[in-house]
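Residue numbers (the UniProt record's numbering): 1 to 209. For each residue, glycine too, the CB sits at the ideal point set by N, CA and C. Structure first, commentary second.
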């Protein structure tokens, strides 16, 4: 009778890297070039059809990694690339957080970033909530032009943005707006808890409905 040799335990399988995280890493790499960063920044808030200087950097990447023919998906990639390129110097000098190992729904979405901004005094609560409620009623075409100013305000105040989460949310916005907007609002109120006061209930307004 021979002793049985215990089977070697299988090495832990690493979580596959999301396409959105790979794209964000790619944009950070190419933005090391001042010329590339300037070209990508020229697309801020613009539709893809007006982003001629960005095509050389994004068309090959999209061809090899994602659906380049879906308009919402393509615009989300162009928008996030231009936002990363337009980061203020203080944000460019900061090493991005390694969020890829965190569960997707635990990662920081735009609502959570706005909640952090309110908690740190970067934004007023009524401004942040108004921005969220407005976006919740809009299509992605209406949201994109306002993102550069909002993101710049967050980053100038030291608030981080998870670009991969923003990319996927924008890509799916027109197809799942209610679901994504609800997630943003829930994340906002969880993050800003204790720093916002509920608006007083206006019984006269309620009676007028």
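Own chain residues within Cβ distance below 8 Å of residue i, not counting five before or after
{"i": "residue 128", "result": "114, 115, 117, 118, 188, 192"}
{"i": "residue 19", "result": "65, 66"}
{"i": "residue 120", "result": "157, 158, 159"}
Residue i, DSSP secondary structure in three states
{"i": "residue 166", "result": "helix"}
{"i": "residue 180", "result": "helix"}
{"i": "residue 42", "result": "coil"}
{"i": "residue 175", "result": "helix"}
{"i": "residue 77", "result": "helix"}
{"i": "residue 160", "result": "coil"}
Residue i: first and last residue of the uninterrupted alpha helix (DSSP H) it sits in
{"i": "residue 149", "result": "147-156"}
{"i": "residue 33", "result": "Note, residue 33: premise wrong, no alpha helix (DSSP H); not H, not E."}
{"i": "residue 135", "result": "125-136"}
{"i": "residue 103", "result": "From DSSP, residue 103 is part of no alpha helix (DSSP H); its letter is neither H nor E."}
{"i": "residue 214", "result": "Residue 214 lies beyond the range of the chain shown here (1 to 209); nothing can be said about it."}
Own chain residues within Cβ distance below 6 Å of residue i, not counting five before or after
{"i": "residue 51", "result": "43, 78"}
{"i": "residue 108", "result": "162"}
{"i": "residue 131", "result": "none"}
{"i": "residue 135", "result": "143"}
8 Å contact criterion, which residue i and residue j should meet: CB distance rounded
{"i": "residue 39", "j": "residue 57", "result": "7 Å"}
{"i": "residue 87", "j": "residue 155", "result": "6 Å"}
Residues of its chain near residue i, where Cβ-Cβ distance is below 7 Å and the 5 sequence neighbours each way are ignored
{"i": "residue 33", "result": "none"}
Should the region 101-108 be regarded as contacting the region 38-48, the criterion being three or more beta carbon pairs within less than 8 Å?
Under the 8 Å Cβ criterion, the region 101-108 does not count as touching the region 38-48, having fewer than three qualifying pairs.
Contact between the region 71-86 and the region 160-179 is defined here as three or more beta-carbon pairs at a separation below 8 Å; is this criterion met?
yes
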